[in-house]
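**Q** Top to bottom, those sequences are chains A and B.
Position one of the first sequence corresponds to residue 1 (the numbering used here), numbered consecutively onward.
Position one of the second sequence corresponds to residue 1 (the numbering used here), numbered consecutively onward.
In this text, a Cβ means the ideal position worked out from N, Cα and C, and glycines have one as well.
Fair warning: this is a prediction, and the values are worked out from it, not measured in the lab.
First the structure, which I've put down as structure tokens, then a few questions once you've had a look.
Protein chains: 2
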Amino acid sequence: MQSRSRLTLVVFALAAAASTGAAQTDPLPSWNEGAAKQAILKFVADVTGEGAAAVPPAERIAVFDNDGTLWSEQPLYFQLAFALDQVKLMAPKHPEWKTQEPFKTLLAGDVKAALAQGEKAMLSIVAATHSGMTTEEFASSVETWATTAKHPKTGRLYTEMTYQPMLELLGHLRRKGFKTFIVSGGGVEFMRAWVEKAYGIPPEQVVGSSGAVKFELRPSGPVLLKEAKVDFVDDGPGKPVGINRFIGRRPILAFGNSDGDHQMLQWTAAGSGRRFIGLVHHTDAVREWAYDRQSHIGKLDKALDEALQRSWTVVDMKADWKRVYPYEK
Amino acid sequence: MQSRSRLTLVVFALAAAASTGAAQTDPLPSWNEGAAKQAILKFVADVTGEGAAAVPPAERIAVFDNDGTLWSEQPLYFQLAFALDQVKLMAPKHPEWKTQEPFKTLLAGDVKAALAQGEKAMLSIVAATHSGMTTEEFASSVETWATTAKHPKTGRLYTEMTYQPMLELLGHLRRKGFKTFIVSGGGVEFMRAWVEKAYGIPPEQVVGSSGAVKFELRPSGPVLLKEAKVDFVDDGPGKPVGINRFIGRRPILAFGNSDGDHQMLQWTAAGSGRRFIGLVHHTDAVREWAYDRQSHIGKLDKALDEALQRSWTVVDMKADWKRVYPYEK
């Protein structure tokens with residue numbers, strides 16, 4: 001019994017130390033005290049506690065939009081910035097682009113005019129830079145870009161422009177037994193090349209738009225070829241469809257920032273039991289950008305109306321966030 | 001220092017107890033001693049050990065075909081048995097089926113003749129039973145079937161006809177830090193309704209064929225409607241495409257049983273570093289079924305040739321498995 005009681009003592013001492021430690025640590029230090037932070041902490045405590053709102057770990061599914069929710073999206077979606085950088089890089093191998101729009105205008109340096117040519121022009125830029133190679137060649141081009149390309153305003157790597165408060169939220173949820181997923185209109189293969197490092201979210205927990213891919217058995221071995229054909233658009237009503245297809249379980253927490261997330265938020269909210277629905281509202285023109293109802297990128301209008309009406313949590317970036325990017329002190 | 005050394009003692013005692021326990025337990029008790037069992041155990045020990053073949057936990061992705069690999073598939077794919085049962089159940093609401101093929105023949109009790117009407121007949125049976133309802137209504141119909149319908153030969157629930165040796169393998173892999181996935185030609189929503197209970201594989205780790213699904217905002221709330229349109233066929237060359245789309249990472253272990261798994265096995269084998277490629281060979285006409293090169297269901301021909309040529313692990317069900325189903329003693 002002597003050794004048994006020593007073990008008991010040690011275990012109690014360790015448990016006490018652990019719980020003291022937890023009480024002293026704020027899981028969301030970059031969030032100002034306020035309604036948003038309080039709502040998040042209360043929801044997580046309730047569904048992971050022992051009370052009536054408890055949710056078993058297997059059902060703790062949390063989904064996050066990416067552009068504008070986990071990292072910035074101005075002045076252009078970052079994946080579009082990648083595509084434009086790739087056009088420049090690929091140009092020497094495409095002499096025909098010198099006379100072919102939108103490439104001609106783009107290579108002459110007028111990004112705005114090239115994009116103003118409309119959706120067809122945009123799609124041909126995406127097709128040229130996102131197909132005609134193997135999945136591994138594409139992933140490698142994204143990795144190179146993610147570790148070298150700099151944002152025109154901040155001069156930082158695009159992958160440094162993730163939101164520190166959201167990184168803390170992802171970590172807090174995972175420590176509480178949640179599985180965190182990205183559900184984004186962005187390309188799934190584009191995101192998978194860097195999100196694991198940036199957010200700690202593994203490739204198999206990324207849902208996104210995708211192009212068609214074809215299996216080919218070459219003499220050197222099998223490859224997957226990216227084709228110039230859109231296969232799935234994970235935006236708007238496509239988001240609940242993507243959640244159903246990839247995850248197969250309704251989330252209990254969803255976070256977005258634009259009308260492209262509206263149906264995902266509605267779908268999540270409509271489940272039974274406690275739900276958390278959050279919107280990042282871009283209100284900080286100094287530290288980030290301020291935009292909502294009138295913006296071409298990340299337009300937030302109808303989803304904001306429903307959020308206000310249904311008391312979803314609207315995060316006011318300027319008021320609620322102590323810090324925006326991880327590199328800020 | 002006194003309490004420190006006591007803690008050290010306790011920790012060592014616990015560690016010793018744990019390692020003794022592990023050494024005494026065979027992780028694959030339903031596998032006979034032989035080359036297949038040895039190859040599996042050695043591979044898992046090598047990639048989860050400290051040596052040159054070590055693979056970090058995040059990359060320990062294992063993929064399994066379902067029909068004929070994790071559960072039986074004779075005399076009909078079990079999902080087809082579900083569809084046929086549903087036709088009977090739905091018939092009272094479809095008086096037109098009395099004169100419409102293949103339903104007329106099917107409802108007259110001649111399953112063989114109905115299926116002999118060819119692929120179009122088969123597709124209309126699948127469409128009638130797998131679309132025109134919400135995803136939740138469909139899941140609920142599968143759950144009811146999975147807990148009530150009995151197999152014509154064994155008289156057991158279909159969901160009891162999983163392979164005990166493969167259940168042990170799934171468990172062993174998960175205890176060693178693997179993430180286990182199903183990658184099957186079967187319908188993803190059909191499988192998700194029962195595989196978590198049967199295999200311990202959560203919905204988000206199931207890759208399968210799928211039909212189109214549509215988001216609809218009804219006055220009562222949002223729903224996802226299953227449409228009569230095939231969206232993705234996760235079979236043959238579709239399997240590596242599905243792995244790329246849903247998992248986004250190349251597996252290091254793949255298990256199949258038919259030519260429909262061939263490209264998945266090739267894709268997995270072509271990765272760098274150690275790989276494990278396995279085939280379940282149906283050789284046991286007494287306890288299960290015996291079939292391979294000439295079978296209409298689960299045809300195993302080209303993949304078997306490549307397996308023999310490249311020394312993949314071919315599991316001889318009759319020789320390698322002590323037990324087939326969990327309910328056998």
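What span of residues does the alpha helix (DSSP H) with PHE246 of chain A cover, start to end?
**A** To locate residue 246 of chain A, count along the first sequence from 1; it is residue 246. Note, PHE246 of chain A: premise wrong, no alpha helix (DSSP H); not H, not E.
**Q** Any beta-carbon of chain A closer than 8 Å to the one on ILE201 of chain B?
**A** Here residue 201 of chain B refers to the residue found at position 201 when the second sequence is read from its first residue. No, its Cβ sits nowhere closer than 8 Å to a Cβ of chain A.
**Q** Would a check of beta-carbon distances place VAL315 of chain A closer than 8 Å to chain B?
**A** Within the first sequence, residue 315 of chain A is the residue found at index 315, counting from 1. No, VAL315 of chain A does not count as interfacial toward chain B.
**Q** Pair every Cβ in the segment 192-212 of chain B with every Cβ in the segment 241-248 of chain B, then say whether three or more of these pairs are closer than 8 Å.
**A** yes
**Q** On the DSSP bridge list, what partners appear for GLY278 of chain A?
**A** In the first sequence, residue 278 of chain A corresponds to position 278, counting from 1. Looking at the DSSP assignment, GLY278 of chain A forms a beta bridge with A:PHE255, A:THR313.
**Q** Just to check my reading of the structure: MET264 of chain A and VAL183 of chain A have Cβ atoms closer than 8 Å, yes? What is that Cβ distance to the nearest angstrom?
**A** The count along the first sequence starts at 1 and reaches residue 264 of chain A at position 264. The count along the first sequence starts at 1 and reaches residue 183 of chain A at position 183. Right, their Cβ atoms sit about 6 Å apart.
**Q** Quick check on ALA52 of chain B: buried or exposed, where buried means 16 or more other Cβ atoms within 10 Å of its Cβ?
**A** Position 52 of the second sequence holds residue 52 of chain B. ALA52 of chain B should be labelled exposed.
**Q** So, under 8 Å CB-CB, PRO152 of chain B and SER124 of chain B are touching, yes? Tell me the CB distance rounded to an integer number of Å.
**A** Position 152 of the second sequence, counted from the first residue, corresponds to residue 152 of chain B. Position 124 of the second sequence, counted from the first residue, corresponds to residue 124 of chain B. Incorrect: roughly 23 Å between the Cβ atoms, too far for contact.
**Q** Since VAL111 of chain B and LEU89 of chain B are thought to touch, with beta carbons under 8 Å apart, how far apart are those beta carbons, to the nearest angstrom?
**A** Stepping through the second sequence from its first residue, residue 111 of chain B is reached at position 111. Stepping through the second sequence from its first residue, residue 89 of chain B is reached at position 89. VAL111 of chain B to LEU89 of chain B, Cβ: 15 Å. No contact.
**Q** Where do the N-terminal and C-terminal ends of the alpha helix (DSSP H) with PRO102 of chain A fall, by residue?
**A** By one-based count along the first sequence, residue 102 of chain A stands at place 102. PRO102 of chain A -> no alpha helix (DSSP H), and no H or E assigned at all.
**Q** For the candidate residues A:PRO56, A:PHE276, A:GLY298, whose alpha-carbon lies nearest to that of GLU282 of chain A?
**A** Residue mapping note: residue 282 of chain A aligns to position 282 of the first sequence, counting from 1. Looking at the sequence shown, residue 282 of chain A is not Glu but His. Taking only the C-alpha atoms, the option nearest HIS282 of chain A is A:GLY298.
**Q** Which partner residues of PRO203 of chain B appear in the DSSP bridge assignment?
**A** For the purposes of this step, residue 203 of chain B is taken as the residue at position 203 of the second sequence. The partner list for PRO203 of chain B (beta bridge, DSSP) is empty, contrary to what the question assumes.
**Q** Could you tell me whether the segment 112-120 of chain A touches the segment 45-61 of chain A, where touching means 3 or more Cβ pairs closer than 8 Å?
**A** no
**Q** Can you tell me the Cα-Cα spacing of PHE64 of chain B and ALA254 of chain B, whole angstroms?
**A** For the purposes of this step, residue 64 of chain B is taken as the residue at position 64 of the second sequence. For the purposes of this step, residue 254 of chain B is taken as the residue at position 254 of the second sequence. For PHE64 of chain B and ALA254 of chain B, the distance between alpha carbons rounds to 6 Å.
**Q** Name the DSSP bridge partner or partners of ILE61 of chain B?
**A** Along the second sequence, read from residue 1 onward, the residue named residue 61 of chain B stands at position 61. Paired residues: B:LYS179.
**Q** Indicate whether MET166 of chain B and SER72 of chain B have their beta-carbon atoms separated by less than 8 Å.
**A** Working through the second sequence from its first residue, we reach residue 166 of chain B at position 166. Working through the second sequence from its first residue, we reach residue 72 of chain B at position 72. No, the pair does not count as a contact, with Cβ atoms beyond the cut-off.
**Q** Please classify HIS130 of chain B as buried or exposed, where buried requires at least 16 neighbouring CB atoms within 10 angstroms.
**A** In the second sequence, the residue the question calls residue 130 of chain B occupies position 130. Buried, by the Cβ-count rule.
**Q** Could you tell me if ALA35 of chain A is buried or exposed, where buried requires 16 or more neighbouring beta carbons within 10 angstroms of its beta carbon?
**A** Locating residue 35 of chain A in the first sequence gives position 35, counting from the first residue. Result: exposed.
**Q** Return helix, strand or coil for VAL195 of chain A, following the three-state DSSP convention.
**A** On the first sequence, residue 195 of chain A is found 195 positions in, with the first residue counted as 1. Correct three-state label for VAL195 of chain A: helix.
**Q** For ALA22 of chain A, count neighbouring Cβ atoms within 10 angstroms of its own Cβ and tell me buried if that reaches 16, exposed if not.
**A** Start at 1 with the first residue of the first sequence, and residue 22 of chain A comes out as number 22. Reliability fails at ALA22 of chain A, whose pLDDT of 48 lies under 50, so the model's placement of it is uncertain and the value that follows must be treated cautiously. By the 10 Å Cβ count, ALA22 of chain A comes out exposed.
**Q** Go through its chain and collect everything with a Cβ distance to LYS322 of chain B's Cβ below 6 Å, but skip five positions before and after it.
**A** On the second sequence, position 322 is the one that residue 322 of chain B refers to. So the list reads SER30, ASN32, once near-sequence residues are dropped.
**Q** Could you round the C-beta distance between ARG275 of chain A and ILE247 of chain A to whole angstroms and report it? I think they count as a contact, below 8 Å.
**A** Counting from one through the first sequence, the residue named residue 275 of chain A turns up at place 275. Counting from one through the first sequence, the residue named residue 247 of chain A turns up at place 247. Between ARG275 of chain A and ILE247 of chain A the beta-carbon gap is near 15 Å, outside 8 Å, which marks them as no contact.
**Q** Output, in chain order, the set of chain B residues within a Cβ distance shorter than 9 Å of GLU204 of chain A.
**A** Taking the first sequence and counting its residues from 1, one reaches residue 204 of chain A at position 204. Within 9 Å Cβ-Cβ: ILE61, LYS179, PHE181, GLU204, GLN205, PHE246, ILE247, GLY248, ARG249.
**Q** Enumerate in chain order the residues of its own chain whose CB-to-CB distance from VAL267 of chain B is below 6 Å, with the five nearest sequence positions on each side excluded.
**A** Sequence index remark: in the second sequence, residue 267 of chain B carries index 267 (1-based). The sequence given here has Trp at residue 267 of chain B, not Val. Hits under 6 Å: PRO240.
**Q** Is DSSP giving SER295 of chain B helix, strand or coil here?
**A** By 1-based counting over the second sequence, the position of residue 295 of chain B is 295. SER295 of chain B: coil per DSSP, three-state reduction.
**Q** Answer with buried or exposed for VAL286 of chain B, where buried requires no fewer than 16 other C-beta atoms within 10 angstroms of its C-beta.
**A** In the second sequence, counting from the first residue as 1, residue 286 of chain B sits at position 286. VAL286 of chain B counts as exposed, since fewer than 16 other beta carbons sit within 10 angstroms of its beta carbon.
**Q** According to DSSP, which residues form a beta bridge with PRO211 of chain A?
**A** Indexing the first sequence from 1 puts residue 211 of chain A at position 211. For clarity, residue 211 of chain A is Gly in the given sequence; the question names Pro instead. Answer is A:VAL230.
**Q** Which residue's Cα is closest to the Cα of THR134 of chain A: A:ALA228, A:GLU328, A:GLY278?
**A** If you number the first sequence from 1, residue 134 of chain A lands on position 134. When A:ALA228, A:GLU328, A:GLY278 are compared, the shortest CA-CA separation from THR134 of chain A is found for A:ALA228.
**Q** Where does VAL286 of chain B fall in DSSP's three states?
**A** For the purposes of this step, residue 286 of chain B is taken as residue 286 along the second sequence, with counting starting at 1. VAL286 of chain B falls in the coil class under three-state DSSP.
**Q** Which term fits PRO202 of chain A, buried or exposed, when burial requires 16 or more other beta carbons within 10 angstroms of its beta carbon?
**A** Looking up residue 202 of chain A in the first sequence gives position 202. PRO202 of chain A comes out buried.
**Q** Let me see if you follow: with CB-CB separation under 8 Å, is PRO222 of chain B close to chain A or not?
**A** Translated into positions along the second sequence, residue 222 of chain B becomes position 222. Output row for PRO222 of chain B: interface = yes.
**Q** To the nearest angstrom, how far is the alpha carbon of SER3 of chain B from that of GLY49 of chain A?
**A** Residue numbering aside, residue 3 of chain B sits at position 3 when the second sequence is read from its first letter. Residue numbering aside, residue 49 of chain A sits at position 49 when the first sequence is read from its first letter. Note that SER3 of chain B scores a pLDDT of 48, beneath 50, so its modelled location is shaky and nothing firm can be said.
**Q** Quick one: does ARG192 of chain A have its CB under 8 Å from some CB of chain B?
**A** Stepping through the first sequence from its first residue, residue 192 of chain A is reached at position 192. Yes - at least one Cβ of chain B is within 8 Å of the one on ARG192 of chain A.
**Q** CA-CA distance, TYR325 of chain A and VAL126 of chain A?
**A** Looking up residue 325 of chain A in the first sequence gives position 325. Looking up residue 126 of chain A in the first sequence gives position 126. Between TYR325 of chain A and VAL126 of chain A, the C-alpha separation is close to 28 Å.
**Q** Is the Cβ of GLN100 of chain A closer than 8 Å to any Cβ of chain B?
**A** Counting from one through the first sequence, the residue named residue 100 of chain A turns up at place 100. It does not; no Cβ of chain B falls within 8 Å.
**Q** Would LEU217 of chain B count as contacting chain A if we go by Cβ distances under 8 Å?
**A** Start at 1 with the first residue of the second sequence, and residue 217 of chain B comes out as number 217. Answer yes: the Cβ-Cβ gap between LEU217 of chain B and chain A drops below 8 Å somewhere.
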